[in-house]
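In terms of the numbering used here, the sequence shown has 137 at position 109, counting the first letter as 1, and numbering is strictly consecutive. Have a look at the structure below before the remarks.
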Amino acid sequence: MEMFHLRYFVAVAENLSFSKAARQLHMATSPLSQRIRDLERDLGSALFERDSHHVRLTSTGAALLPIAKDVLGRFDDIPWRLREATSPRRAIVYVGIPPGLHSSLRDRLRSFEQRCAAECDLKRWPGGSDDLLIGVQRGELAMALVHLPVHAEGIEVFEVMREPLGAVLPAAEFGSRTSVSLHELVDHTYVSPAPRMLPSYYDEVEARLRAAGIHRRMTLNTGDYGSTSEFVANGSAFSISMLDPASGMQKHRVESTVVLPFADFDPALATGLIWRRDRAETHSDLLRLIDEAKLALAA
Numbered sequence: 029m030e031m032f033h034l035r036y037f038v039a040v041a042e043n044l045s046f047s048k049a050a051r052q053l054h055m056a057t058s059p060l061s062q063r064i065r066d067l068e069r070d071l072g073s074a075l076f077e078r079d080s081h082h083v084r085l086t087s088t089g090a091a092l093l094p095i096a097k098d099v100l101g102r103f104d105d106i107p108w109r110l111r112e113a114t115s116p117r118r119a120i121v122y123v124g125i126p127p128g129l130h131s132s133l134r135d136r137l138r139s140f141e142q143r144c145a146a147e148c149d150l151k152r153w154p155g156g157s158d159d160l161l162i163g164v165q166r167g168e169l170a171m172a173l174v175h176l177p178v179h180a181e182g183i184e185v186f187e188v189m190r191e192p193l194g195a196v197l198p199a200a201e202f203g204s205r206t207s208v209s210l211h212e213l214v215d216h217t218y219v220s221p222a223p224r225m226l227p228s229y230y231d232e233v234e235a236r237l238r239a240a241g242i243h244r245r246m247t248l249n250t251g252d253y254g255s256t257s258e259f260v261a262n263g264s265a266f267s268i269s270m271l272d273p274a275s276g277m278q279k280h281r282v283e284s285t286v287v288l289p290f291a292d293f294d295p296a297l298a299t300g301l302i303w304r305r306d307r308a309e310t311h312s313d314l315l316r317l318i319d320e321a322k323l324a325l326a327a
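Here it is, written out as structure tokens:
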């Protein structure tokens with residue numbers, strides 16, 4: 029049994045889905061399932077009950093879950109605890125930043141950095157929201173701005189912004205329009221970047237599109253948001269992005285596309301500050317920084 033076996037087990041146990049856990053771990057479902065079977069063989073007991081529709085923890089799996097999370101937590105804490113014990117007096121604090129951060133949030137972040145300049149060096153760490161959450165959980169990041177929702181044990185969430193979303197559409201078809209309805213897009217293909225780049229909120233968006241009868245899909249392998257606009261510009265396709273021209277995502281648009289609000293759908297993507305509750309409770313310096321961040325980012 030290796031540490032990665034426990035990490036895979038916790039991912040499946042928390043999601044109760046091998047496919048969702050595989051997406052979170054950036055791996056295929058088949059090797060993940062094999063690693064879980066290896067762990068079950070090593071422990072001599074089944075950890076999950078599986079059928080074609082559901083995954084459930086067995087009594088052994090339920091007993092293992094808190095043990096595995098405790099072991100992983102202490103293992104993942106080693107790097108930051110070591111840095112804390114050996115670093116110079118002036119602290120370096122890493123803050124996670126997701127793609128497409130709104131320009132006003134970037135201004136507020138600079139304000140936060142200025143407020144803390146006398147106390148520590150703040151370093152930005154870019155990444156997707158799922159990866160940033162993992163960084164916070166492992167103690168690699170003191171805090172992070174991520175796209176919500178986030179549901180993780182021991183993680184505190186403070187919402188700082190909510191941005192309306194709209195449809196990115198070919199200008200040749202929709203250039204004269206001020207809005208679009210979902211039923212108008214039934215014959216269009218919904219284009220999205222690689223799943224690892226999408227916030228979990230887009231799962232709700234996907235469900236709403238399917239309910240509206242929009243079933244054509246093109247999922248790109250690339251994490252380049254600009255590629256979706258290139259496909260949309262070809263016609264008979266759309267994607268979903270922020271409406272506000274000041275959004276950081278607007279730089280990925282191409283000239284032959286437009287972004288329109290939905291007439292019958294009101295999606296919005298929230299951004300929040302996250303941190304580990306236990307670290308804030310036991311480190312007064314970090315708690316003070318979090319309070320400063322909340323004041324600056326929610327301005």
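A virtual CB, placed ideally from N, CA and C, is assigned to each residue, including glycine.
Take residue 45 and list the residues in its own chain whose beta-carbon comes closer than 8 angstroms to its own, dropping the five residues that flank it on each side.
If we look at residue 45 and ignore the five residues flanking it on each side, its Cβ neighbours are 83.
Residue 48: first and last residue of the uninterrupted beta strand (DSSP E) it sits in:
First-last for residue 48: 46 to 53, but that is the alpha helix (DSSP H), not the beta strand (DSSP E).
For a quick check, are the C-beta atoms of residue 308 and residue 301 less than 7 angstroms apart?
At the C-beta level, residue 308 and residue 301 stay beyond 7 angstroms of one another.
Classify residue 299 as helix, strand or coil using the three-state DSSP reduction.
The answer is strand: DSSP assigns residue 299 an E or B state.
Using C-beta distances below 6 angstroms, list every residue in its chain close to residue 240, excluding the 5 sequence neighbours before and after it, in chain order.
So the list reads 210, once near-sequence residues are dropped.
If we require 4 or more residues per run, which alpha helix (DSSP H) segments fall completely within the region 215 to 270?
Complete alpha helix (DSSP H) runs here, min 4: 229 to 239 and 253 to 261.
Alpha carbons only, please: which of 171, 38, 232 and 296 is nearest the one belonging to residue 153?
Checked all of 171, 38, 232 and 296; the closest Cα to residue 153 is 171.
With a threshold of 16 other CB atoms inside 10 Å of the CB of residue 29, please say whether the residue is buried or exposed.
It is exposed - the Cβ of residue 29 has fewer than 16 other Cβ atoms within 10 Å.
Of the listed residues 105, 157, 263 and 70, nearest to residue 123 (C-alpha basis)
Closest by alpha carbon: 157.
Residues near residue 148 in its chain [Cβ-Cβ closer than 6 angstroms; skip 5 each side]
Sequence-distant partners of residue 148 (beyond 5 residues in either direction) whose C-beta falls short of 6 angstroms from its own C-beta, in its chain, are 119 and 121.
What number of angstroms, rounded off, separates the C-alpha of residue 181 from the C-alpha of residue 94?
Cα to Cα, residue 181 sits roughly 11 angstroms from residue 94.
Taking the alpha-carbon positions, what's the residue 306 to residue 177 distance?
The C-alpha of residue 306 lies about 20 angstroms from the C-alpha of residue 177.
Status (buried if at least 16 other CB within 10 Å, exposed otherwise) for residue 31
Exposed, by the Cβ-count rule.
If you follow the alpha helix (DSSP H) that residue 31 is part of, which residue opens it and which one closes it?
Residues 31 to 43.
Beta bridge counterpart(s) of residue 286 as assigned by DSSP
The partner list for residue 286 (beta bridge, DSSP) reads 197.
Which one of 179, 219 and 272 has the shortest CA to CA distance from residue 244?
Here the closest residue by C-alpha is 219.
Can you tell me the Cα-Cα spacing of residue 108 and residue 174, whole angstroms?
Rounded to the nearest angstrom, the two C-alpha atoms are 21 angstroms apart.
Other residues of its chain near residue 186: CB distance less than 7 angstroms, five sequence neighbours each side excluded:
Only 300, 301 and 322 meet the Cβ criterion.
Could you tell me the distance, in whole angstroms, from the CA atom of residue 88 to the CA atom of residue 229?
Between residue 88 and residue 229, the C-alpha separation is close to 32 angstroms.
How should residue 167 be labelled, buried or exposed, when 16 other C-beta atoms within 10 angstroms of its C-beta is the threshold for buried?
Buried.
Let me check understanding here. Comparing Cα to Cα, which of 98, 273, 287 and 36 lies closest to residue 76?
It is 36.
Find the nearest neighbour of residue 235 within the set 61, 57, 191 and 293, judged by alpha-carbon distance.
If we check each option's Cα against that of residue 235, 293 comes out closest.
On the DSSP bridge list, what partners appear for residue 17?
Any question about residue 17 goes unanswered here, given that the chain covers just 29 to 327.
Drop a sphere of 10 angstroms on the beta-carbon of residue 53, count the other beta-carbons inside from all chains shown, and report buried for 16 or more, exposed for fewer.
Buried, by the Cβ-count rule.
Alpha carbon of residue 164 to alpha carbon of residue 33, nearest angstrom:
Taking the straight line from one Cα to the other gives about 20 angstroms.
In the DSSP output, what is residue 149 paired with across the bridge?
By DSSP's assignment, residue 149 forms a beta bridge with 120.
State the DSSP-derived secondary structure class of residue 293, mapped to helix, strand or coil.
If DSSP states are grouped into helix, strand and coil, residue 293 belongs with coil.
Per DSSP, cross-strand counterpart(s) of residue 191:
Partner(s): 297.
Which one of 217, 81, 242 and 67 has the shortest CA to CA distance from residue 47?
Measuring C-alpha to C-alpha distances from residue 47 to each of 217, 81, 242 and 67 identifies 81 as the nearest.
Around the C-beta of residue 214, are 16 or more other C-beta atoms found within 10 angstroms, so that it is buried, or is it exposed?
With fewer than 16 other Cβ atoms inside 10 Å of its own Cβ, residue 214 counts as exposed.
Three-state class that DSSP yields for residue 325 in the structure shown:
Looking at residue 325 - three-state DSSP - the assignment turns out to be helix.
Supposed close pair residue 285, residue 196 - CB separation, criterion 8 angstroms
Right, their Cβ atoms sit about 5 angstroms apart.
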